[in-house]
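Worksheet: one structure, shown below.
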Ligand SMILES: Cc1cc2nc3c(=O)[nH]c(=O)nc-3n(C[C@H](O)[C@H](O)[C@H](O)COP(=O)(O)OP(=O)(O)OC[C@H]3O[C@@H](n4cnc5c(N)ncnc54)[C@H](O)[C@@H]3O)c2cc1C
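In our numbering, the protein residues as written are 5 to 390.
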């Protein structure tokens, strides 16, 4: 996309974020419903077609544009987690799916008719994906029988399909633990699929669920790419997920910081000087701004590498790490600057702070990213047993 097209896109994202403001999000949270109106407007504006080739019904562009829109919307209001999960789930389908899978599961997401969620986390495996126990056993007729449990899965109730990371060969039967993992697209209305909402204490309309598969019969059409190769395919999706999570964390951080700065310029309690004149607030705010801007550079470097078809693992991990830390730091100093009013719902700061804290843990916790950098960039020994 050229810079005029990007400006147009950002203008559209800005207008949508202004229309669907905090009041709208809170109303949806109160009514425990998905942000349907926003989602359909995003579809009409072409945002859901970003990063999808025109041949698949999309509007072109890539991760760079998708990250720009995500950041811009989060700077003004909120951005649906659904944009991140649907966005990441489509990538392995585009790359490894059959023409039918691409048509049913990608093209239909552009119109907003179909939404996708993503299930990797399990209660007893956590961050250690190799230990997942969900199992899709191939049957003599070529179909699969899926059994297992996932946890913390966002947006299950409001999605139509879930991209499931499952074993097709149990861990104790593979020589290399990376083998025997497959990606399956599961229709959430299939017999044997059940879910239960979790008691996640973050006030958002988008919720998390435990997801149960109880003898779910899947046709061979559910499999993405080759059986047993899913772990390798997964990285195509996880780097974009990290970039989108970083873009959202950055937008939230910039938003909180601008609120904190505006408040600090106004609030006067000692003498005639506003609280923003005190270095105790100024320096952390200046540091937060510098760190947000630095994380932003890393994010768009990662997105550009991905769009050029180059390896972006290190940069995507670093962008997620730096953006979530900088975003949280910005929210924290904005909360501090607001004093007691920071906890007043009308100032919206505490909600931003809560949301930005989640981004240090999900979609991947920052300790695992530090492990990755230590091991793969610095060449240090692995710090944990596998
Ligand atoms: C709001 C929210 C939405 C989510 N949405 C999704 C979703 O849509 N789909 C999905 O599949 N998952 C989702 N998750 C799950 C999320 O990805 C996991 O919670 C996260 O990856 C951590 O896994 P865990 O909770 O099992 O923690 P564990 O793996 O049990 O780890 C706990 C903590 O131990 C530390 N730790 C663990 N291992 C190491 C190590 N080797 N070295 C150093 N420290 C370590 C880290 O600090 C880590 O945070 C979501 C979670 C939340 C909170």
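From the three backbone atoms N, C-alpha and C, an ideal C-beta is built for every residue, glycine too. Values in this document were obtained by computation on a predicted structure and should not be read as measured data.
Identified DSSP bridge partners for residue i
i, result
"residue 272", "278"
"residue 189", "167"
"residue 333", "Beta-bridge pairing links residue 333 to no other residue."
"residue 123", "168"
"residue 141", "149"
"residue 214", "200"
"residue 157", "213"
"residue 233", "185"
"residue 227", "188"
Same chain only: Cβ atoms within 8 Å of residue i, ignoring 5 sequence neighbours per side
i, result
"residue 278", "268, 269, 270, 271, 272"
"residue 88", "74, 245, 248, 249, 252, 367"
"residue 195", "220, 221"
"residue 470", "Limits of the chain in this structure are 5 at one end and 390 at the other, which puts residue 470 out of reach."
Per-residue DSSP class, three states only, for residue i
i, result
"residue 369", "coil"
"residue 88", "helix"
"residue 220", "strand"
"residue 2", "Here the chain comprises residues numbered 5 to 390, so residue 2 is not present and cannot be evaluated."
"residue 363", "coil"
"residue 52", "helix"
"residue 39", "coil"
"residue 23", "helix"
"residue 343", "helix"
"residue 64", "strand"
"residue 246", "helix"
"residue 5", "coil"
"residue 256", "helix"
"residue 136", "coil"
"residue 131", "coil"
"residue 178", "coil"
"residue 318", "helix"
"residue 350", "helix"
"residue 290", "helix"
"residue 95", "helix"
"residue 195", "coil"
"residue 389", "coil"
"residue 111", "helix"
Same chain only: Cβ atoms within 6 Å of residue i, ignoring 5 sequence neighbours per side
i, result
"residue 150", "140, 217, 220, 222"
"residue 215", "123, 154, 157, 160, 199"
"residue 201", "211, 213"
"residue 240", "95, 96, 99"
"residue 131", "372"
"residue 229", "100, 237"
"residue 259", "79"
"residue 257", "296, 330, 331, 334"
Straight-line gap, residue i to residue j (C-alpha atoms, nearest Å)
i, j, result
"residue 326", "residue 143", "45 Å"
"residue 161", "residue 209", "11 Å"
"residue 340", "residue 364", "19 Å"
"residue 16", "residue 389", "48 Å"
"residue 20", "residue 292", "27 Å"
"residue 12", "residue 58", "19 Å"
"residue 97", "residue 191", "14 Å"
"residue 6", "residue 387", "44 Å"
"residue 204", "residue 211", "7 Å"
"residue 166", "residue 189", "6 Å"
"residue 235", "residue 183", "7 Å"
"residue 287", "residue 378", "30 Å"
"residue 8", "residue 66", "16 Å"
"residue 396", "residue 254", "Since the first and last residues shown for the chain are 5 and 390, residue 396 lies out of range."
"residue 343", "residue 285", "11 Å"
"residue 24", "residue 264", "22 Å"
"residue 63", "residue 350", "38 Å"
"residue 18", "residue 152", "41 Å"
"residue 337", "residue 375", "28 Å"
"residue 135", "residue 104", "31 Å"
"residue 174", "residue 137", "7 Å"
"residue 29", "residue 48", "19 Å"
For residue j and residue i, believed in contact at Cβ under 8 Å, the rounded distance
i, j, result
"residue 94", "residue 113", "6 Å"
"residue 85", "residue 158", "5 Å"
"residue 356", "residue 335", "5 Å"
"residue 163", "residue 172", "Incorrect: roughly 23 Å between the Cβ atoms, too far for contact."
"residue 299", "residue 330", "5 Å"
"residue 422", "residue 238", "Residue numbering for the chain in the displayed model covers 5 to 390; residue 422 lies beyond these limits and cannot be assessed."
"residue 81", "residue 26", "6 Å"
Contacts around residue i, its chain only, beta-carbon distance under 7 Å, and the 5 residues preceding and following it disregarded
i, result
"residue 316", "243, 306, 309, 310"
"residue 373", "321, 324, 325"
"residue 70", "54, 55, 91, 248"
"residue 45", "20"
"residue 147", "221, 222, 223, 224"
Residue i at chain D interface by Cβ criterion, 8 Å
i, result
"residue 292", "Looking for chain D here will not work: only one protein chain is present."
Residue i CB to nearest heavy atom of ligand 2 below 7 Å
i, result
"residue 314", "As for ligand 2, it is missing from this structure, which binds only ligand 1."
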